[in-house]
Amino acid sequence: MGRVISSWRVLAVVAALMAMAAVELCAAIPFDERDLESDEALWDLYERWQEHHHVPRHHGEKHRRFGAFKDNVRYIHEHNKRGGRGYRLRLNRFGDMGREEFRATFAGSHANDLRRDGLAAPPLPGFMYEGVRDLPRAVDWRRKGAVTGVKDQGKCGSCWAFSTVVSVEGINAIRTGRLVSLSEQELIDCDTADNSGCQGGLMENAFEYIKHSGGITTESAYPYRAANGTCDAVRARRAPLVVIDGHQNVPANSEAALAKAVANQPVSVAIDAGDQSFQFYSDGVFTGDCGTDLDHGVAVVGYGETNDGTEYWIVKNSWGTAWGEGGYIRMQRDSGYDGGLCGIAMEASYPVKFSPNRVTPRRALGAKETQ
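Laid out in structure tokens, this is it:
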């Protein structure tokens, strides 16, 4: 599994996890039943929400969005009032977005559509973790120093790029002992043969781009801009470049197989994230209402179990640290649903890495490298 990741990096990651609780305290504006008693009270809450989250809205837009805000506030209030679901919701920065707008803006995998059109890149054969036995009871790659800080995709449907990068950052840290933040923007700008930047993409295609182009550069060399751009070949060729040898798919609809893979490295997955309960998730083990219309790319970076025996996946999102548990969500594991909760086990994949990284600039971007 590569060299042991340096202890100071692990300590830094643990400190970051401890800071998540402080972030969450500032992530939402509290409200109670008095704020729901009238439209006037709700309007006051809406204005407090705008100020708290620094969401600029002109007068006409405020009135247009007020209906969605009211519906969301009432939905959050009723969910938390009922209790009993094992997770809570909160009024976050998505508070005045309707479900369809939210889904179109922040869920950009389009996994079902792209696969239906035959645009998924073929994987390496087999499943390298098939023979794994005696899995640990819990795994958390954050605590092993193989996960960078939570990032924010902004209003760009680039979740597929973030999901890809989490998995590549993870296997690179495991194989080399060095955690390096990699460039989502390179994928958005340069991986355009089958992926579509802010309009969506597939993690499998991104893995193949990284393989065939000779690696992916760092975030510092090619920073994120949350917008489509022209491929900057100079930035994209800058060394050091993290190299992978391809990708494999986890056997579909098997949470047991997904656990085998996650026990060995972070894994990219596609999920259905379009429901209100996911939009406003706060904390706890998510058991919410969702289907299998796979529309959002995230990464599973571990699994565990609560004190009462509820099993969960640790999922890294790309909506910033103010969403969920410091940018993460714990999703119910072994839910009994075919494909797992929200389809988490339907389309899982991971990068394969044995080759060393490139310390010199690669040749012309897009030219296939011999492995």
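Under mature numbering (1 follows the signal peptide of the UniProt record, and there is no 0), residues -28 to -1, 1 to 343 are what the sequence shown spells out, in order. All C-beta atoms, glycine included, are put in the ideal place defined by N, C-alpha and C.
Collapsed DSSP secondary structure at residue i in the structure displayed
i	result
T148	helix
T190	strand
Q125	coil
S135	helix
residue 350	With the chain represented from -28 up to 343, any question about residue 350 goes unanswered, as that position is not in the structure.
S153	coil
I182	helix
H26	coil
A245	coil
T332	coil
E141	helix
L(-4)	A caution first: L(-4) carries a pLDDT of 45, below 50, which makes its placement in the model unreliable, though a value can still be read off. The answer is helix: DSSP assigns L(-4) an H, G or I state.
L213	strand
D112	strand
E5	helix
E277	strand
R20	helix
Beta-carbon proximity list for residue i, same chain, < 7 Å, skipping 5 on both sides
i	result
E72	none
L61	I48, H51, N52, S249, F252, Y253 and S254
N64	A(-2), A(-1), F252, A294 and W295
F41	Y18, G67 and D68
V214	V140, N144, V152, L154, G187, I188 and N329
residue 350	Outside the modelled stretch of the chain, which goes from -28 to 343, sits residue 350, for which no answer is possible.
E158	I188, T189, Y194 and A208
Cβ shell of residue i (< 6 Å), same chain only, five flanking positions each side left out
i	result
V331	A211 and P212
I143	Q237, P323 and K325
G207	It is Arg, not Gly, that sits at residue 207 in the sequence shown. Around R207: A193 and Y194.
N200	G169 and C170
D265	D244
S135	M175, S240, G269, V270 and A271
G218	L96, K183 and V324
N221	P95 and S321
Host beta strand (DSSP E) of residue i (start-end)
i	result
V257	Y253 to F258
R60	Y59 to L61
N167	Neither: N167 is in no beta strand (DSSP E) and is coded neither H nor E.
A198	It is not in any beta strand (DSSP E) - A198 carries neither H nor E in the DSSP assignment.
G67	Element bounds for G67: n/a, residue is neither H nor E.
Q237	No beta strand (DSSP E) holds Q237; DSSP gives it neither H nor E.
N221	G218 to N221
Inter-residue CB distance, residue i and residue j (contact presumed, cutoff 8 Å)
i	j	result
F258	Y59	5 Å
K232	V104	4 Å
N329	T148	7 Å
A242	G315	7 Å
V122	G298	7 Å
E162	C203	The amino acid occupying residue 162 in the given sequence is Cys; Glu does not appear at that position. Contact flag correct, Cβ pair sits at about 4 Å.
C131	A198	Contact flag wrong, Cβ pair sits at about 12 Å.
A317	S226	6 Å
Span of the alpha helix (DSSP H) around residue i
i	result
R54	H31 to R54
V234	E227 to V234
F78	R71 to F78
A205	A205 to A208
Nonlocal neighbours in the same chain, by C-beta distance under 8 Å from residue i, ignoring five residues either side
i	result
F74	F66, G246 and Q251
T282	G58, V257 and Q304
T77	M69, K127 and G129
Within the stretch 283 to 327, ranges of the beta strand (DSSP E) (whole runs, at least 3 residues): Unbroken beta strand (DSSP E) runs of no fewer than 3 residues, entirely contained in the stretch 283 to 327, are found at 283 to 288, 300 to 304 and 321 to 324, following chain order.
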